[in-house]
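Chemist: The structure under discussion is supplied below as structure tokens; questions concerning it will follow.
Numbering (this note's numbering), first residue to last: 1 to 151.
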């Protein structure tokens with residue numbers, strides 16, 4: 001039973017990172033190939049489909065890493081690594097909530113002219129890949145935190 005939550009948390013972090021990699025390597029490339037107005041129209045269909053898997057993986061990753069950090073014995077390597085995993089996942093939650101989500105809603109509302117949309121999409125993609133790297137690093141810390149807790 002003691003290993004179930006770490007397994008779920010690590011799997012959720014990996015699933016979130018994998019989902020983000022998929023978005024970056026498939027959707028983002030496709031979106032960048034479209035005319036900016038066509039991209040925003042396509043995004044209205046695509047984004048709701050991506051929201052569920054993102055929330056379904058990010059929420060257990062965040063809650064699990066928080067719980068495992070709090071419950072790890074004080075001043076242990078395990079706790080330190082779970083803290084870093086939690087911080088990394090928290091950064092992705094913050095970035096997703098503060099940067100990506102508002103821009104996603106603006107894309108869906110066709111808020112931008114073509115030139116602005118193209119520029120915003122380029123920035124979105126750059127910050128998306130930063131989010132991927134942070135999630136992967138958080139996953140590594142989660143794995144190490146779990147490994148340190150069983151040895």
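Backbone N, C-alpha and C define an ideal beta-carbon position, used for all residues, glycine too.
Computed from a predicted structure; not experimentally measured.
1. Can you tell which of 146, 2, 74, 85 has the C-alpha that lies nearest to the C-alpha of residue 195?
2. Taking the alpha helix (DSSP H) that residue 123 belongs to, which residues open and close that run?
3. Of the choices 131, 7, 35, 29, whose alpha-carbon is the least far from that of residue 110?
4. Reducing DSSP to helix, strand and coil, say where residue 76 ends up.
5. Would you list, in sequence order, the uninterrupted alpha helix (DSSP H) runs of no fewer than 4 residues that lie entirely inside the segment 13-72?
6. Just confirm the distance between the C-beta atoms of residue 70 and residue 134, as a whole number of angstroms; I'd bet it's less than 8 Å.
7. Closest by CA to residue 51, which one among 149, 123, 102?
Modeler: Looking at the atomic coordinates:
1. With the chain running from 1 to 151 in the structure shown, residue 195 is simply not present.
2. In the chain shown, counting from the first residue as 1, residue 123 sits at position 123. 114-150 is the extent of the alpha helix (DSSP H) around residue 123.
3. Counting from 1 along the chain shown, the entry for residue 110 is found at position 110. Nearest of 131, 7, 35, 29 to residue 110, Cα basis: 35.
4. For this step, residue 76 is matched to residue 76 along the chain shown. Of the three classes helix, strand and coil, the one that applies to residue 76 here is coil, per DSSP.
5. With a minimum length of 4 residues, the continuous alpha helix (DSSP H) runs that stay inside the segment 13-72 are 28-33, 36-71.
6. Here residue 70 refers to the residue found at position 70 of the chain shown. Here residue 134 refers to the residue found at position 134 of the chain shown. That belief does not hold up - the Cβ atoms of residue 70 and residue 134 are roughly 21 Å apart, past 8 Å.
7. Locating residue 51 in the chain shown gives position 51, where the first residue counts as 1. The candidate whose alpha carbon is nearest that of residue 51 is 102.
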